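Notes follow the structure.
Number of protein chains: 2
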Amino acid sequence: MKRPTIADVARRAGVSKGAVSYALNGQPGVSEATRRRILAIAEEIGFSPSSAARALSGATAAAVGLALCRPARILGIEPFFMELISGVEAELSARSYALTLQVVADQDAEIAVYRRWWGERRVDGVLVCDLRVDDRRVPVLEDLRLPAVVIGGPGHTGTLPSVWCDDAAALVEAVEYLVALGHRRIARVGGLPDLLHTRKRTEAFERVCRELGLVDAVTVPSDYTGEEGSRATRRLLSSPGRPTAVIYDNDVMAVAGLAVAQEMGLAVPGDLSIVAWDDSPLCRLVHPPLTALGRDIPAYGAHAARNLLAAIAGEPVGAFQDETAHLTPRGSTAPPRSGERVR
Amino acid sequence: MKRPTIADVARRAGVSKGAVSYALNGQPGVSEATRRRILAIAEEIGFSPSSAARALSGATAAAVGLALCRPARILGIEPFFMELISGVEAELSARSYALTLQVVADQDAEIAVYRRWWGERRVDGVLVCDLRVDDRRVPVLEDLRLPAVVIGGPGHTGTLPSVWCDDAAALVEAVEYLVALGHRRIARVGGLPDLLHTRKRTEAFERVCRELGLVDAVTVPSDYTGEEGSRATRRLLSSPGRPTAVIYDNDVMAVAGLAVAQEMGLAVPGDLSIVAWDDSPLCRLVHPPLTALGRDIPAYGAHAARNLLAAIAGEPVGAFQDETAHLTPRGSTAPPRSGERVR
DNA sequence: CTGAAAGCGCTTACAG
DNA sequence: CTGAAAGCGCTTACAG
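These protein sequences, in sequence, are chains A and B.
FYI, in UniProt numbering the residues of the first sequence are 1 to 343.
FYI, in UniProt numbering the residues of the second sequence are 1 to 343.
Next comes the structure, spelled out in structure tokens:
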């Protein structure tokens, strides 16, 4: 099957190629009747303008890039990224933008991908995940003047626009809830320590525990995997004066923590309360279902995509604060047993 | 920052643009010394050829498309797709191909995306997931002559190349293992009934159970979600003569089934053995860890991508059989309790 | 081995 | 409102 070109449409419609272009792109320069006739013919012969030709004549590439920097085994199990991608996609396809995905091994590889995409003019802009403290990707993107929206912050985003949410506030809500239930020994299994939002959560955790007089509030750093989540939990539950509640920085580690508690013969929530970050179907899949800090991740992705498209269009875009995660209490949290409480 | 073009490289190297093109693409027509000098200059000024210009001059788009047709909530939680994507990606990036991803609502939308991609020349080929019986996408792709590799089969792939694995054999292994443990009442919670591999599994299940004389072997159709997995499990476990073992068509439903058993006060594996398809970290995340039928999904994706690139290059590609999933016994399977056994 | 030129399929000023 | 033409940045025959 031969692909139709703009010339085929022009011939059939008895107009110039320019007229077809104007009609397709909603530009002035053709009468409404002609426009409609041209669109009908394009539809009829199944014409879609070549994205290459379009990009080459100075229009956009109509594609947005997303580089994911996590090992395959984590990407697969953590619902976060696919949910984010779904939301990004929904926004992009509504505007006929494509999403170009690349899995990278580390930040250097990611930076190389950005440089290549920029040189190839393959994407009009990029979405940046997993913001770090003093992130090296930020100055590179600023330098290239490649439109970008950082998913994360606030702060450490340089002059780049961003979409962020207040993780500190959500964490405080979770701690206050546990304290209200009667917990005094609360621990946290944190995400990758280099990530900015991990740092913000850790600071918030330490601050609120100090304010509430919880002395042995400890954060065990981890890496979002079930393996590390189990290990961290085993360590916490084996320690003298073990916590009566643990907050996990993602759903995967929380589920792993639940399994460790069951394996050690501790009842959840009787002996141990569990709170998960990232409320996903995973949290409702286990027994008891997990109390979780959740928010609409697809919407988060959609907001990031929308702001990126605005930035590409040259509109001024700044930092956009998304909804704060809120706590959904489920079966994994309860007051500590009295023996624990008076100890 | 201005993007360097091939002319910039040519000027610096004191050669024609043609020479630069030959050097970059490993074509004959430039001396080895000149080629090296040109490559060094390209590297130095950060030149990557415009993918649009390249695609327009008849070379490939250097991109491959993948349309995913599942609702966001399932895409997020099922590790399969992200693992597949990781494998696809690994193969593609090694050859500097990009992956264009699109989430679609149904088959019609997916077909529309294929037509658009074809018209736009946006991708050189596509990977087709979730093969159905008499799949409508197959004739469309054949018609468009858009290179494609079907992930699934054998059969119902028309003239398209495919990558498939023998699900029937894997299912038989699982049933025989359960029977060897002493189970006689085995049920199955199946995936979406329209998918070809679901049908193949169902047929294999019915056949092997008949051969082994298991009379009330039943498959409850489901949709891969935890909700439906729970519902199906509740129904099975509430029935008179409830099964002592259940095989689930994915990991998510198996984990949900485990939670239902716990919620109903049934011990796993004492009262109920559970086998999951798609061995993912999810299966090792819960307590007890799930016995599972697993194989290397990233490798599966890599094979599909490799064959697609071969098809794009015009090489003859047929049906490629991937490794058969094998059973990894874990804590969720054991002989049924004697009370169950003699019943 | 190299240079000059056509052409891919669009978009967009520029004349009419 | 429309047509003819230049140009985007490559690749690839075609002469030299």
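Built from N, CA and C at the ideal position, the CB exists for glycine as well.
Bear in mind the structure is a predicted one, so any value in this text is a computation, not a measurement.
Query                                                                                                                     : Result
Continuous beta strand (DSSP E) assignments of at least 3 residues falling wholly in the segment 138-163 of chain B       : 148-151
Terminal residues of the alpha helix (DSSP H) in which A:Leu285 lies                                                      : 281-285
Rounded Cβ spacing between A:Gly226 and A:Val252 (contact assumed at less than 8 Å)                                       : 5 Å
Distance between B:Leu195 and B:Ser230 (C-alpha atoms, nearest Å)                                                         : 21 Å
Local Cβ density within 10 Å of B:Ser162, reported as buried at 16 or more and exposed below that                         : buried
Minimum Cβ-Cβ distance from A:Trp118 to chain B less than 8 Å                                                             : yes
Within-8 Å CB hit, B:Gly294 to chain A                                                                                    : no
Interface flag, B:Phe205 vs chain A, CB-CB below 8 Å                                                                      : no
Straight-line gap, B:Ala299 to B:Ile312 (C-alpha atoms, nearest Å)                                                        : 20 Å
A:Pro329 versus A:Ile41 - alpha carbon distance                                                                           : 56 Å
Partners in chain B for A:Leu75, counting only beta-carbon separations shorter than 7 Å                                   : Met82, Ser86
Whether B:Leu181 touches B:Leu160 by CB criterion (8 Å)                                                                   : no
Chain-ordered chain A contacts of B:Pro79 [CB-CB under 7 Å]                                                               : Gly76, Ile77
Of the listed residues A:Tyr248, A:Gly26, A:Ile45, nearest to A:Tyr224 (C-alpha basis)                                    : A:Tyr248
CB of B:Gly331 within 8 Å of CB of B:Pro269, strictly                                                                     : yes
Interface partners of A:Thr328 on chain B, CB under 9 Å                                                                   : Within 9 Å Cβ-Cβ: nothing; A:Thr328 doesn't reach chain B, min ~15 Å.
The segment 144-152 of chain B touching the segment 111-124 of chain B, judged by at least three CB pairs closer than 8 Å : yes
Host beta strand (DSSP E) of B:Ala98 (start-end)                                                                          : 98-103
With 16 other Cβ atoms within 10 Å as the buried cut-off, status of A:Ser273                                              : buried
Alpha helix (DSSP H) segments (min. 4 residues) lying fully within the segment 14-81 of chain A                           : 17-24, 32-45, 51-56, 72-77
DSSP-derived helix/strand/coil call for A:Tyr197                                                                          : The question names Tyr, but residue 197 of chain A in the sequence shown is His. DSSP places A:His197 in helix when its eight states are reduced to three.
Cβ of B:Gly46 within 8 Å of any chain A Cβ                                                                                : yes
Where A:Glu89 falls, given that 16 or more other Cβ within 10 Å makes a residue buried                                    : buried
Residue interval of the alpha helix (DSSP H) (run including B:Ala230)                                                     : At residue 230 of chain B the sequence reads Ser, which differs from the Ala that was named. Run containing B:Ser230: 226-238, per the alpha helix (DSSP H) assignment.
Range covered by the alpha helix (DSSP H) that runs through B:Val172                                                      : 167-181
Test item: CB-CB of B:Pro139 and B:Ala187 under 8 Å                                                                       : no
Sequence-distant residues of its chain with Cβ nearer than 8 Å to B:Leu171 (five each side left out)                      : Arg201, Ala204, Phe205, Val208, Ile247, Leu293
Residue nearest to B:Asp278 in terms of C-alpha spacing, selected from B:Ala72, B:Glu78, B:Ile38, B:Pro49                 : B:Glu78
Short CB-CB distance (under 8 Å) between A:Leu99 and chain B                                                              : yes
Same chain, Cβ closer than 8 Å to B:Leu75, five either side skipped, listed in chain order                                : Leu68, Phe81, Val103
Closer than 7 Å at the beta carbon, the chain A residues around B:Gly155                                                  : In chain order: nothing, as chain A lies at least about 25 Å away.
Under 9 Å from the C-beta of A:Ala55: neighbouring residues of chain B                                                    : Ser50, Ser51, Ala52, Ala53, Ala55, Leu56
Residues that DSSP places opposite A:Thr291 in a beta bridge                                                              : A:Val275
is_contact[B:Val150, chain A] using C-beta, thresh 8 Å                                                                    : no
Sufficient close CB pairs (3 or more, under 8 Å) joining the segment 314-330 of chain B to the segment 283-290 of chain A : no
Three-way DSSP call (helix, strand, coil) for A:Leu327 in this model                                                      : strand
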